[in-house]
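Worksheet: one structure, shown below.
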Amino acid sequence: MTRESFLKTSLLTAAGLYLTPGLVSALGNQMLMKTIPSTGEQIPAIGMGSWLTFNVGQSENERAPMRNVLKEFISQGGRVIDSSPMYGRSEQVIGELAAELEVTDKLWVATKVWTQGKVAGKGQIENSLGYFRKWPSVLQVHNLVDLETHLETLRSLKEEGKLKYVGVTHYLDHAHKQLAEIIKKEKLDFIQINLSIRSNAAEDYLLPLAADHGVAVIINQPFETGGLFNYIQGVSLPDWAKEYGINSWAEYFLKYIISNPAVTCTIPATTQVAHVKENMAACYGELPDQATRIKMKDYFKKNAL
5 MTRESFLKTS
15 LLTAAGLYLT
25 PGLVSALGNQ
35 MLMKTIPSTG
45 EQIPAIGMGS
55 WLTFNVGQSE
65 NERAPMRNVL
75 KEFISQGGRV
85 IDSSPMYGRS
95 EQVIGELAAE
105 LEVTDKLWVA
115 TKVWTQGKVA
125 GKGQIENSLG
135 YFRKWPSVLQ
145 VHNLVDLETH
155 LETLRSLKEE
165 GKLKYVGVTH
175 YLDHAHKQLA
185 EIIKKEKLDF
195 IQINLSIRSN
205 AAEDYLLPLA
215 ADHGVAVIIN
225 QPFETGGLFN
235 YIQGVSLPDW
245 AKEYGINSWA
255 EYFLKYIISN
265 PAVTCTIPAT
275 TQVAHVKENM
285 AACYGELPDQ
295 ATRIKMKDYF
305 KKNAL
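For the sequence shown, the positions run 5 to 309 when our numbering is used.
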């Protein structure tokens, strides 16, 4: 997307017009929003994951850091939060902290079904409803486990008007071929897949396919569970990054991802308030165009340790 077309798109979005997959709004200090193709609903391009972060106990020492993280996330305009029954106590903790902070209604919840069998799947969904105290916006079949069974359940819930969006997820490159076939065969609202500036195989085929089929895309593992930062220890950001409001490597990595027109949202996880601020900062300012995205990737490859 060129700068001219980007700005035109932003103006259209600000006017409230329907946009095709990946088209965005980002004017000045306005938060970057992206459009869900199946409905036209817009959500912030940066959300928050909960793998290895919100799975904490009942003590105040364990809960306080995550309460502060959630509070800061909301104060920065965050809405999209992703979880799963696989993530231990994460759903419960998010739900309880959101209730304490009185922000339950502000959360756009994405969670998952991760089990075998229809009865067990319905049980997990009921548990999620109890934890979050409302219906998730999207329910996803986690890692494609018992896919057909759970898709049938989720579609029924959508037809009943209880569930807005249906999706599927995976976190490894080897699943991309199967995900592509699912996109072609099934009518999905969302897929959730892995993508980072270093591990970017999804950009070659899967992301364009999702865009062609009107499927929204949530990106997991944007920092490769934090491992991406090991490659740039002591490496300075390029001077031209400031043109895009990039002031940290976190913003650099996230803006690379959300500037792909097929990407709807990415969900970095953290236990630190300072990192929430860095992550959410990527939701503001101009997005890199395709030529700049290539330059970003090349700079990382050249300088990565």
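Glycine residues also receive a C-beta, built at the ideal position from the N, C-alpha and C atoms. Given the structure is predicted, the values throughout are model-derived calculations rather than measurements.
**Report entry** Whole-angstrom C-beta distance between Leu101 and Arg67, which should lie under 8 Å
**Finding:** Within the sequence shown, the letter at position 63 stands for residue 67. Within the sequence shown, the letter at position 97 stands for residue 101. Arg67 to Leu101, Cβ: 7 Å. Contact.
Query raised in the report: Between Val170, Ser88, Ala103, which lies nearest to Lys116 when the distance is taken from Cα to Cα?
Result: Counted from its first residue, the sequence shown places residue 116 at position 112. Of Val170, Ser88, Ala103, the residue nearest in Cα terms is Ser88.
Query raised in the report: Do you know offhand how far Glu152's Cα is from Ala49's?
Result: Within the sequence shown, numbered from 1, the residue matching residue 152 stands at position 148. Within the sequence shown, numbered from 1, the residue matching residue 49 stands at position 45. Answer to the nearest angstrom: the Cα atoms are 29 Å apart.
Query raised in the report: So, are the CB atoms of Ala285 and Asn251 less than 8 Å apart?
Result: Within the sequence shown, residue 285 is the residue found at index 281, counting from 1. Within the sequence shown, residue 251 is the residue found at index 247, counting from 1. Cβ atoms of Ala285 and Asn251: closer than 8 Å.
Query raised in the report: Buried or exposed: Thr43, going by 16 or more other Cβ atoms within 10 Å of its Cβ?
Result: To locate residue 43, count along the sequence shown from 1; it is residue 39. The residue in question, Thr43, is exposed, as its Cβ has fewer than 16 Cβ neighbours within 10 Å.
**Report entry** Inter-stretch contact at 8 Å, needing at least 3 Cβ pairs: the region 76–83 / the region 293–305
**Finding:** These segments do not touch.
Query raised in the report: Can you tell which of Ile40, Gly51, Val97, Met35 has its C-alpha closest to the C-alpha of Phe58?
Result: Indexing the sequence shown from 1 puts residue 58 at position 54. Nearest C-alpha to Phe58: Val97.
Requested in this report: State buried or exposed for Gly231, treating a residue as buried only when at least 16 other CB atoms are found within 10 Å of its CB.
Outcome: As a position in the sequence shown, residue 231 is number 227, starting the count at 1. So Gly231 counts as exposed.
Requested in this report: Verify whether the separation of the beta carbon atoms of Met259 and Pro292 is less than 8 Å.
Outcome: The residue you call residue 259 lines up with position 255 of the sequence shown. The residue you call residue 292 lines up with position 288 of the sequence shown. Just to set this straight, residue 259 is Lys in the shown sequence, not Met. The answer is yes: Cβ separation under 8 Å.
Report task. Closer than 8 Å by C-beta to Gly248: which residues in its own chain qualify, once you throw out the five before and the five after it? Chain order, please. Result -> Mapped onto the sequence shown, residue 248 falls at position 244. For clarity, residue 248 is Tyr in the given sequence; the question names Gly instead. Setting aside the 5 residues that flank it on each side, Tyr248 is surrounded in the same chain by Lys259, Gly289, Glu290, Leu291, Pro292, Thr296, each with a C-beta closer than 8 Å to its C-beta; the list follows chain order.
Query raised in the report: Do Gln144 and Thr108 have their CB atoms nearer than 8 Å?
Result: Translated into the one-based positions of the sequence shown, residue 144 becomes position 140. Translated into the one-based positions of the sequence shown, residue 108 becomes position 104. Result no, Cβ atoms of Gln144 and Thr108 do not sit closer than 8 Å.
Query raised in the report: Mapping DSSP to helix, strand and coil, what is Phe227?
Result: Here residue 227 refers to the residue found at position 223 of the sequence shown. Looking at Phe227 - three-state DSSP - the assignment turns out to be coil, as it is neither helix nor strand.
Requested in this report: Determine the extent of the beta strand (DSSP E) in which Ile85 is found, giving its start and end residues.
Outcome: Indexing the sequence shown from 1 puts residue 85 at position 81. Unbroken beta strand (DSSP E) run through Ile85: 84–86.
Requested in this report: Flag Leu176 as yes when its Cβ comes closer than 7 Å to any non-hydrogen atom of the ligand NAP, and as no otherwise.
Outcome: By its list of ligands, the structure shown contains no ligand whatsoever, and the ligand NAP lies outside what it can speak to.
Query raised in the report: Is Ile201 helix, strand or coil by DSSP?
Result: For the purposes of this step, residue 201 is taken as residue 197 along the sequence shown, with counting starting at 1. Here Ile201 sits in coil by DSSP.
Query raised in the report: Can you name the start and end residues of the alpha helix (DSSP H) that Met70 belongs to?
Result: As a position in the sequence shown, residue 70 is number 66, starting the count at 1. Where Met70 is concerned, the enclosing alpha helix (DSSP H) stretches over 64–79.
Query - CA-to-CA distance, Tyr256 to Leu244, given in whole angstroms - result: Indexing the sequence shown from 1 puts residue 244 at position 240. Indexing the sequence shown from 1 puts residue 256 at position 252. Inspection of the sequence shows that residue 244 is occupied by Trp rather than by Leu. Looking at the two C-alpha atoms, the distance is approximately 11 Å.
**Report entry** Rounded separation between Lys75 and Ile271 - CA only
**Finding:** One-based indexing of the sequence shown puts residue 75 at position 71. One-based indexing of the sequence shown puts residue 271 at position 267. Roughly 16 Å between the two C-alpha positions.
**Report entry** Start and end residues, alpha helix (DSSP H) containing Leu183
**Finding:** Translated into positions along the sequence shown, residue 183 becomes position 179. Start and end: 180–189.
Query raised in the report: In three-state terms, what does DSSP make of Tyr288?
Result: Looking up residue 288 in the sequence shown gives position 284. Residue state, collapsed to three classes: coil.
Query raised in the report: Which word fits Gln128, buried or exposed, when buried means at least 16 other C-beta atoms lie within 10 angstroms of its C-beta?
Result: For this step, residue 128 is matched to residue 124 along the sequence shown. By the 10 Å Cβ count, Gln128 comes out buried.
Query raised in the report: Using CA coordinates, which residue listed in Pro242, Thr157, Leu167, Ala206 is at the minimum distance from Gln196?
Result: Position 192 of the sequence shown, counted from the first residue, corresponds to residue 196. The candidate whose alpha carbon is nearest that of Gln196 is Ala206.
Report task. Please classify Thr39: is it buried, with 16 or more other beta-carbons within 10 angstroms of its beta-carbon, or exposed? Result -> Locating residue 39 in the sequence shown gives position 35, where the first residue counts as 1. The residue is buried, with at least 16 neighbouring Cβ atoms inside 10 Å.
Query raised in the report: Looking at Asn224 and Asn204, is the spacing between their C-beta atoms short of 8 Å?
Result: Position 200 of the sequence shown holds residue 204. Position 220 of the sequence shown holds residue 224. In this structure, Asn224 does not lie closer than 8 Å to Asn204 by Cβ.
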